[in-house]
């Protein structure tokens with residue numbers, strides 16, 4: 293069952309009520325220590341990220357999501373942290389409420405297919421820490437720029 297079918301099934305039963313969603317997000321830094329962000333239609337800037345689909349591992353999910361949203365093929369360097377709770381609650385423009393439990397991965401680019409398949413992606417852009425736009429979810433900047441020696445929990 294795909295993500296959209298899974299969520300549609302749940303939403304048919306619970307409407308816009310709060311859903312707890314396991315998710316993944318990618319930190320991709322270039323050689324100038326700039327962070328790759330995704331400009332999404334009708335939303336604020338975001339890390340390449342998404343839901344873990346039924347039957348999918350977090351590793352499979354982050355590789356798939358990054359490729360769909362950026363056209364990049366990545367490998368995982370390390371886990372930067374785990375995030376969740378009320379600060380990671382989000383209301384979509386249609387009123388659907390979600391609260392994400394996110395595994396944040398640092399990823400390395402292996403290849404660029406140039407093929408973005410996610411219809412919500414308007415563009416991608418790299419940002420220096422001091423230039424960061426507001427993000428959809430409140431990740432700490434020191435985590436996004438991999439400045440901690442231990443994972444963030």
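Numbering (this note's numbering), first residue to last: 293 to 445.
Note that beta-carbon positions come from the ideal geometry of N, C-alpha and C, so glycine has one too.
Since we're looking at a predicted model, the values are computed, not measured.
Beta-carbon gap between residue i and residue j smaller than 9 Å
i, j, result
"residue 308", "residue 403", "no"
"residue 328", "residue 398", "no"
"residue 360", "residue 301", "no"
"residue 339", "residue 418", "no"
"residue 330", "residue 405", "no"
"residue 299", "residue 310", "no"
Outcome for residue i when other beta-carbon atoms lying within 10 angstroms are tallied against a minimum of 16
i, result
"residue 371", "exposed"
"residue 343", "buried"
"residue 440", "exposed"
"residue 336", "exposed"
"residue 341", "buried"
Closer than 8 Å: residue i CB and nearest the ligand NAD heavy atom
i, result
"residue 400", "As presented, the structure is devoid of all ligands, the ligand NAD included, so that no description of it is given."
6 Å CB neighbourhood of residue i in its chain, flanking five on each side removed
i, result
"residue 396", "317, 372 and 373"
"residue 437", "421"
CA-to-CA distance, residue j to residue i, given in whole angstroms
i, j, result
"residue 444", "residue 384", "26 Å"
"residue 315", "residue 442", "21 Å"
"residue 368", "residue 420", "21 Å"
"residue 305", "residue 408", "32 Å"
"residue 363", "residue 332", "15 Å"
"residue 382", "residue 350", "21 Å"
"residue 376", "residue 334", "23 Å"
"residue 352", "residue 423", "31 Å"
"residue 313", "residue 303", "13 Å"
Own chain, CB closer than 7 Å to residue i, minus 5 neighbours either side, in chain order
i, result
"residue 246", "The shown model of the chain, from 293 to 445, leaves out residue 246, and the question about it has no answer."
Cβ neighbours of residue i in the same chain (closer than 8 Å, five flanking residues each side left out)
i, result
"residue 366", "318, 320, 354, 355, 358, 359, 399, 400, 401 and 402"
"residue 324", "418 and 420"
"residue 296", "none"
Sequence ranges, alpha helix (DSSP H) only - wholly within the segment 408-436, length at least 4: 433-436
Threshold first: 3 residues or longer. Then list the beta strand (DSSP E) segments lying entirely within the segment 358-411, N to C. 364-375, 381-383 and 389-404
Where are the beta strand (DSSP E) runs, 3 residues long or more, that stay fully inside the segment 316-355, in chain order? 327-332 and 341-343
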